[in-house]
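One structure is given below, encoded as structure tokens.
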Amino acid sequence: MEIISFDKNWDFSYSAGTAALDKNGKAYKKIVDLPHDFMISTERTADARTEGAGGFFQGGIGTYEKHFTISSDKKEKQFILLFEGSYGNTEVWLNGNMVTLHHYGYTEFYVNITRWLKFDEDNKLKVVVENNALPNSRWYSGSGLYRHVWMLEGGSVYLGPWSVCVKTPSLDTVEVSASITNSKEPLETLVSLTIYDADGNTVISQSKDIFCEAGITDCTFTVKNESFIPWTLDNPYLYTAKTSVCGDEKTVTFGVRTISFSRKGFFLNGINIKLRGGCIHHDNGVAGACAYAAMEERKVLQLKESGYNAIRTSHNPMSTALLDACDRYGMLVLDECFDCWRAKKNPFDYHLYFEKFWKEDLASMVLRDRNHPSVIMYSIGNEIGERDGSGDGAKISNEMCEFVRNIDNTRAITNGVCAVFLDAGEFGGILANIFGSGEAVDFESLPDEVKGFLAQADYVKEHWAEITAPFIKDLDVAGYNYLDDRYEKDGKDFPERIIVGTESYPNNMKQVWERTMAHPYVIGDFTWTAYDYLGESGIGHAFYNQSGGLFCDYPFHTGNCGDYDLCGFLRPQGKFRRLLWDMETGPVITVLKPEHFGKKEAVSTWGWPDVEESWTWPGFEGHKVRLDIYSKAQEAEIIINGKSSGRMNVPDSWILQADVIYEPGTIEVIEYNNGVKGASNKLVTSGQTAALKASTAKTDTADVIIIEIEAVDTDGRHTPDYTGTIYCTLDDNTVLAGMGSADPCTEENYTTGRCRMFNGRALLVVKKMTDTAASIEIAAKNNAIKKVCVKI
């Protein structure tokens with residue numbers, strides 16, 4: 011089918027639950043292009059119904075309207091509307107008829123609209139997206155048509171969405187199956203297949219005659235070729251298969267590769283690979299949930315550069331653009347569908363629709379994603395409430411596994427299973443009772459009901475394996491969330507079980523990775539998280555002389571737990587992981603922010619100490635500061651302005667902590683092994699901020715331009731202490747897609763075109779609206795700081 015973009019020129023109106031009116035009492039509307047997230051522009055408030063989990067953003071109802079005409083000479087054709095993703099309960103109306111209703115905000119869906127079309131007349135398309143029943147998510151969801159919309163046009167015999175499947179059972183064999191739709195009478199016809207290499211050259215071409223029934227007819231080609239170039243992580247070579255029938259055609263990009271799972275590990279093309287994985291959410295930071303291809307690509311490239319070879323789509327299907335980037339750059343994918351089944355995690359989440367729609371939504375993910383060579387596993391859930399044997403959990407798990415295998419039996423099936431808890435409300439109350447004061451608690455002094463509850467909790471922990479065994483037994487790979495301490499025992503108790511760490515704590519990454527490497531049946535680990543995200547406000551906090559709960563209060567609104575921050579800048583924990591994976595050489599020097607020195611440190615299990623790679627701390631001259639030095643060496647020598655503090659033993663944690671006096675200038679750390687001098691690193695104090703520097707992220711896709719902004723001194727050195735306000739001025743050829751910093755605790759709106767810098771950095775994302783050269787000016791509120799102009 012011909013694929014036509016339906017992204018441009020939608021009339022959009024927003025309301026928080028009532029009619030959207032402007033100051034004159036008229037309906038408020040504006041013209042928008044897709045992708046469009048109407049949640050990201052809302053003002054965050056402490057009483058927002060999305061709560062801290064949703065980043066304190068507002069919900070609401072978005073209405074999108076579009077007019078189009080179709081010529082009467084196309085009356086014999088078929089027309090399909092395809093939505094890549096729409097968050098909130100979505101009604102699609104055409105010419106006054108509701109043509110479909112969709113509930114799950116992350117799955118692709120489509121509808122044949124042919125019967126409701128008017129030819130040679132105006133057609134009115136209206137899409138109502140309601141994200142007003144809150145809370146419904148444990149993270150920032152976004153709202154609206156945040157992914158692409160397409161019109162598909164084909165003849166009476168056509169290849170519809172998800173209709174072509176490519177399998178590679180061996181490195182010299184490709185199987186291409188096509189499901190052909192015939193909307194008219196049965197007929198005999200010719201089906202052809204052509205496979206092209208990455209340069210567009212024909213590799214092989216075949217055709218066959220088939221009898222095409224009314225409805226669906228399947229046709230399969232098997233191609234043998236010993237010269238196929240395999241898809242690997244280092245050379246992710248892609249082919250294109252074009253299937254044609256009755257003038258209609260469909261192209262699919264694929265890679266030739268084999269995957270297998272056993273107690274000996276995961277194998278790609280017969281080569282054993284440990285999954286160095288990271289969990290990510292679907293949002294794109296300052297751009298909200300909008301699935302811009304350039305931002306998805308940048309994310310994959312950054313993670314690849316830091317040593318990651320796999321991502322987990324937590325906890326829902328991601329954009330096609332993200333999977334395409336993983337295909338192109340050699341990033342493996344654990345493709346996850348659901349965060350809940352029947353048992354709710356929020357009052358208005360997917361549990362309301364699971365019973366009726368899980369097959370439809372799971373099929374959508376598998377059918378859409380089965381041709382991506384990057385996808386190696388499907389996950390049918392995350393921390394599902396029914397894992398403890400309640401709610402027919404084992405039965406549902408079995409049914410879902412069989413359902414997936416009937417669609418695609420070439421990938422492994424997993425499920426992220428965590429510890430089993432007792433009643434959450436009761437548990438929360440007891441935790442408050444025990445830990446609310448922040449003081450140590452004498453067990454014997456606790457009330458009997460608390461002792462009893464904790465005894466039950468100990469029993470549940472001890473018997474976790476037998477409690478969850480029925481739930482896990484039909485999975486190909488058992489996903490373990492934060493259960494790396496069970497790897498050795500469960501590996502012995504379940505001699506057939508293959509395990510993957512589906513979530514792990516970042517501040518324990520060294521121990522987690524050592525446990526992962528120690529057991530071949532543990533095929534890899536996925537940290538929480540590789541990239542920071544909106545929502546789960548402050549889950550990665552570090553408190554100093556204060557206590558807190560799981561989340562942080564408003565205005566915290568990001569997780570603050572990624573190797574990369576919200577703007578895609580590498581954080582110190584990411585540097586430690588690079589060291590862990592041998593991606594970093596030499597010591598990494600970080601400094602605990604001096605205002606925290608001497609205070610009691612309480613770091614979340616998802617957090618990291620509040621350190622920075624900086625030796626620029628104005629106002630703290632002569633004060634003690636704490637160094638956190640990351641090193642694999644036996645010893646490290648600290649030298650400040652030429653004066654050595656002597657060598658110190660590096661502990662097994664690879665984090666050497668040392669208190670020193672802050673003096674502006676140069677700090678250097680030299681590594682030693684067996685007394686022999688090794689690698690070194692240094693930090694230099696920056697001067698005052700004198701200018702702004704901007705660099706454009708290099709991506710193959712260019713639906714948006716990503717501009718990384720940095721404050722620098724007169725010598726061009728980064729000034730990490732700068733927190734001043736900056737703003738952008740765009741010309742008529744560009745529009746703002748988002749601007750902000752990675753500050754997890756700010757009230758700033760990402761759609762105003764201004765922000766305060768955080769650690770001397772910020773990010774600007776713009777959409778180019780014409781082919782004409784564009785100019786973007788970025789300036790500081792402080793006129794003494796030199797502005798920068800970016801030419802596109």
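With my numbering, the residue at position 150 of the sequence shown is 160, and numbering never jumps.
Beta carbons: idealized from backbone N, C-alpha and C, even for Gly.
For clarity, every value in this text was computed on a predicted model and none was experimentally measured.
DSSP state of residue i mapped onto helix, strand, coil
i: N416; result: helix
i: W4; result: No answer is possible for residue 4: it lies beyond the span of the chain, which begins at 11 and ends at 802.
i: L702; result: strand
i: F561; result: coil
i: K791; result: coil
i: H112; result: strand
i: T735; result: strand
i: T263; result: strand
i: C411; result: helix
i: I482; result: helix
i: S15; result: strand
i: I80; result: strand
i: E436; result: Residue placement at E436 is poorly supported in this model, since its pLDDT is 48, which falls under 50; the coordinates are not used for a value here.
i: L155; result: coil
i: I549; result: coil
i: W126; result: helix
i: A64; result: Strictly speaking, residue 64 in this sequence is Gly, with Ala absent from that position. DSSP places G64 in helix when its eight states are reduced to three.
i: D662; result: coil
i: D713; result: coil
i: I406; result: helix
i: G446; result: Below a pLDDT of 50, predicted positions are generally treated as unreliable, and G446, at 46, falls in that range; the measurement from the model is reported next regardless. In this structure, G446 counts as coil in the three-state DSSP scheme.
i: Y541; result: strand
i: D398; result: helix
i: I680; result: strand
i: D21; result: strand
i: P516; result: helix
C-beta neighbour in chain D for residue i, strict 9 Å
i: V376; result: You won't find chain D in this structure, because it holds only one protein chain.
Selection from the options that minimises the alpha carbon distance to residue i
i: G426; options: E513, A208 and C411; result: E513
i: G98; options: E720, R378 and E118; result: E118
i: Y273; options: E718, P530, N793 and W591; result: Tyr is not the amino acid found at residue 273; the sequence shown has Arg there. Residue P530 is the option with its Cα nearest to R273.
i: A794; options: F768, A701, D713 and F553; result: A701
i: A643; options: G632, G685, E631 and W616; result: G685
i: E631; options: A646, M593 and I671; result: I671
i: T595; options: V522, P661, S690 and T526; result: S690
i: E61; options: Y564, L590, D503 and N769; result: Y564
i: H77; options: Q521, D132, C229 and Y114; result: D132
i: A208; options: R338, V109, K87 and K260; result: R338
i: G770; options: W126, K39 and S696; result: S696
i: K369; options: P357, N235 and R415; result: R415
i: I90; options: L135, S51, F48 and A58; result: L135
i: E719; options: D713, G734 and F231; result: Correcting the residue identity first, residue 719 is Ile in this sequence and not Glu. Considering only alpha carbons, the answer is G734.
Cβ separation of residue i and residue j, assumed to be a contact under 8 Å, to the nearest whole Å
i: V262; j: N381; result: 5 Å
i: L693; j: W625; result: 4 Å
i: M519; j: T537; result: 6 Å
i: I736; j: R764; result: 7 Å
i: I716; j: A707; result: 4 Å
i: K309; j: G72; result: Incorrect: roughly 26 Å between the Cβ atoms, too far for contact.
i: E307; j: D573; result: Their Cβ separation, rounded to whole angstroms, is 18 Å, which puts E307 and D573 out of contact at 8 Å.
Endpoints, beta strand (DSSP E) assigned at residue i
i: G164; result: V159 to G164
i: M658; result: K653 to N659
i: M288; result: With the sequence shown as reference, residue 288 is identified as Gly, and Met is not the correct amino acid for it. Segment L285 to I290, the beta strand (DSSP E) holding G288.
i: P582; result: Run containing P582: none in the beta strand (DSSP E); it sits in the alpha helix (DSSP H), P582 to L590.
i: T729; result: Careful: T729 lies outside any beta strand (DSSP E) and carries neither H nor E.
i: R421; result: Segment: none, R421 is in no beta strand (DSSP E) and carries neither H nor E.
i: N99; result: N99 to L104
i: Y574; result: Segment: none, Y574 is in no beta strand (DSSP E) and carries neither H nor E.
Residue interval of the alpha helix (DSSP H) (run including residue i)
i: F364; result: F364 to D379
i: V519; result: Per the sequence shown, the amino acid found at residue 519 is Met instead of Val. Where M519 is concerned, the enclosing alpha helix (DSSP H) stretches over M519 to A528.
i: R636; result: Not the alpha helix (DSSP H): R636 falls in the beta strand (DSSP E), residues K634 to Y640.
i: G750; result: Here G750 belongs to no alpha helix (DSSP H); instead the beta strand (DSSP E) covers T744 to G750.
i: G501; result: Y497 to D503
Whole runs of the alpha helix (DSSP H) within the segment 301–349, excluding any shorter than 4 residues: The segment 301–349 contains these whole alpha helix (DSSP H) runs: 303–315 and 330–339.
For the segment 189–229, which segments carrying the beta strand (DSSP E) assignment without a break, of at least 3 residues, lie completely within its bounds, in sequence order? Restricting attention to beta strand (DSSP E) runs no shorter than 3 residues, the segment 189–229 encloses them at 197–206 and 212–222, ordered along the chain.
Contained beta strand (DSSP E) runs [length at least 3] in the segment 597–634, N- to C-terminal order: Look at the segment 597–634 and you find these whole runs of beta strand (DSSP E), each 3 residues long or longer: 598–602 and 611–613.
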